[in-house]
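Colleague: Quick note: to get this note's numbering, add 1425 to the position in the sequence shown (first position is 1). Cβ atoms here follow ideal geometry from the backbone N, Cα and C, with glycine treated the same way.
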Amino acid sequence: MHGQFAGIPIVVQAVNAINRTKAARGVMENVLDVHKDAWMPELATSRFRWSAKKKGSASEVKDGPRSPGKVAIFSTCYVNYNEPGIGHDLIASLEHNEIPYVIVEKESCCGMPKLELGDLEGVEKHKNANIPVLAKYAKDGFAIVSAVPSCTLMFKQEIPLLFPDDADAKLVQAAMFDPFEYLMARHKDGLLKTDFKNPLGKVSYHIPCHGRVQKIGKKTEEMLKLIGEKVTVQLNTVERCSGHAGTYGVKKPYHETAMKIGKPVFKQMAKDGPDWIGSDCPMAGHHIAQGMANNSLPAAKIAHPLTLLRTAYGL
1426 MHGQFAGIPI VVQAVNAINR TKAARGVMEN VLDVHKDAWM PELATSRFRW SAKKKGSASE
1486 VKDGPRSPGK VAIFSTCYVN YNEPGIGHDL IASLEHNEIP YVIVEKESCC GMPKLELGDL
1546 EGVEKHKNAN IPVLAKYAKD GFAIVSAVPS CTLMFKQEIP LLFPDDADAK LVQAAMFDPF
1606 EYLMARHKDG LLKTDFKNPL GKVSYHIPCH GRVQKIGKKT EEMLKLIGEK VTVQLNTVER
1666 CSGHAGTYGV KKPYHETAMK IGKPVFKQMA KDGPDWIGSD CPMAGHHIAQ GMANNSLPAA
1726 KIAHPLTLLR TAYGL
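1. Cβ atoms of P1509 and C1706: under 9 angstroms apart, would you say?
2. May I have the straight-line CA-CA distance separating A1442 from R1450, to the nearest angstrom?
3. In the structure shown, what three-state DSSP assignment does N1720 receive?
4. Using CA atoms only, rank isn't needed, just tell me which of V1529, F1602, G1481 and A1670 is closest to P1557.
5. Any idea which residues DSSP pairs N1661 with across the strands?
6. Among the residues of its own chain, which have a CB less than 6 angstroms from the CB of M1717, if the five just before and after it don't count?
7. In the DSSP assignment, what are the bridge partners of V1570?
8. Tell me which same chain residues have a C-beta within less than 7 angstroms of the C-beta of S1533, skipping the five on either side of it?
9. Is the distance from the Cβ of G1566 to the Cβ of I1524 below 9 angstroms?
10. Please name the residue or residues paired with W1475 in a DSSP beta bridge.
11. Would you check if the distance between the CB atom of Y1607 and the CB atom of V1486 is smaller than 9 angstroms?
12. CB-CB under 8 angstroms to V1663, same chain, minus the five flanking residues each way: which ones, in chain order?
13. For H1521, which option in T1619, S1492 and L1542 has the closest C-alpha, if you only look at C-alpha atoms?
14. If you draw a straight line from the C-alpha of I1584 to the C-alpha of V1437, how long is it?
15. According to the Cβ coordinates, are K1644 and F1580 closer than 9 angstroms?
16. For K1479 and K1685, I'd like the C-alpha separation in whole angstroms.
17. Roughly how many angstroms separate the alpha carbons of K1531 and N1623, rounded to a whole number?
18. What did DSSP end up calling I1511 once you bin it into helix, strand or coil?
19. By DSSP, does K1726 sit in helix, in strand, or in coil?
20. Just the Cα atoms here: how many angstroms apart are L1734 and L1515?
21. So does D1565 have its beta carbon nearer than 8 angstroms to some heavy atom of the ligand ADP?
22. For I1443, which of helix, strand or coil comes out of DSSP?
23. In whole angstroms, what separates the C-alpha of G1428 from that of Y1506?
24. Classify A1737: buried if its beta carbon has 16 or more other beta carbons within 10 angstroms, exposed otherwise.
25. What does the alpha-carbon distance come out to for the pair T1672 and R1611?
26. Alpha helix (DSSP H) containing G1536: first to last residue?
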């Protein structure tokens, strides 16, 4: 509901400004149980689904043995309402690689926040809104790509487990890709451009739990290493829970515990004084950045891996 304010002129600026005040954070802590010190994302001035081209310029579909030649982008609530730049970075890389794409016609929340709260009726409501739409893309030969690991996992694992008799859910499961899982499949098919131009320097990359549990391998790390074959990348990969864990890390009873859980990660991410830090899970990335600052560790620019890919391409 909070996200619905995103993209509304004046309102979004007012909400963001209010959310930065100690008074508002105090009210949120008392009423909504959101810890007053926990990092919170700002609302975007323009939603991703409003600002992105609904269809890419590439027209020729080049299917590979491992990768469909066209992509349907499931925006996710977070990218749509909070960090649309991540979605635009994905589009830029798809366009550069001449991969036709479309933005999914309509979407609801993936249902992961409801699942974490045990609201299975809410999960089913979102499933019923999403699966029939996504199944049409799966049947039409699209790879369905989501830039938030929790959302990808929801369609790859949780929904098929909860609704094992839903044939359309299985179709969506088979068509669902993590962005770097898809892009590395394109590379193995000989269909990914590797004309990287800009060095990234020192990069500390965090593998989120919802990425690891997909059992797809370290595809983002593979991409960063591939970039490093062309331009300078000094990579430090950290594979451990950041402590954020969705709603857990922002709640009043657990935020301080979440910061303690993440402390080893904060220290590992600060190794060698990185130029960039980032995680496939944008919320984990910001949680790590906050933890590094709280522990007086060296500061670094924070960027989603898709942003780093776009930067390396020079787009």
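Modeller: Taking the coordinates as given:
1. The answer is no: Cβ separation not under 9 angstroms.
2. Answer to the nearest angstrom: the Cα atoms are 11 angstroms apart.
3. In the structure shown, N1720 sits in coil (DSSP, three-state: anything other than H, G, I, E or B).
4. Closest option to P1557, Cα to Cα, is V1529.
5. Beta-bridge partners assigned by DSSP to N1661: S1629.
6. Cβ neighbours of M1717 beyond the five flanking positions: F1691 and A1695.
7. The beta-bridge partner set that DSSP reports for V1570 consists of I1498 and F1602.
8. Residues H1551, A1554 and N1555 of the same chain have their beta carbon placed closer than 7 angstroms to that of S1533, with the five preceding and five following residues left out of the count.
9. In this structure, I1524 does not lie closer than 9 angstroms to G1566 by Cβ.
10. Listed as beta-bridge partners of W1475 by DSSP are no residues whatsoever.
11. One thing to note: Y1607 has its Cβ no nearer than 9 angstroms to the Cβ of V1486.
12. Excluding residues within five positions, the ones whose Cβ falls inside 8 angstroms are S1629, Y1630, H1631, I1632, V1690, Q1693 and M1694.
13. The option with the nearest alpha carbon to H1521 is T1619.
14. Rounded to whole angstroms, I1584 to V1437 spans 33 angstroms at the Cα level.
15. Going by beta carbons, K1644 and F1580 fall outside the 9 angstroms limit.
16. Going from the Cα of K1479 to the Cα of K1685 covers about 42 angstroms.
17. Computed Cα separation, rounded: 35 angstroms.
18. Correct three-state label for I1511: helix.
19. Strand at K1726.
20. Between L1734 and L1515, the C-alpha separation is close to 9 angstroms.
21. The ligand ADP is absent from the structure shown, which contains no ligand whatsoever.
22. It is helical.
23. Their Cα atoms are separated by approximately 6 angstroms.
24. Buried, by the Cβ-count rule.
25. Between T1672 and R1611, the alpha-carbon positions lie close to 34 angstroms from each other.
26. Careful: G1536 lies outside any alpha helix (DSSP H) and carries neither H nor E.
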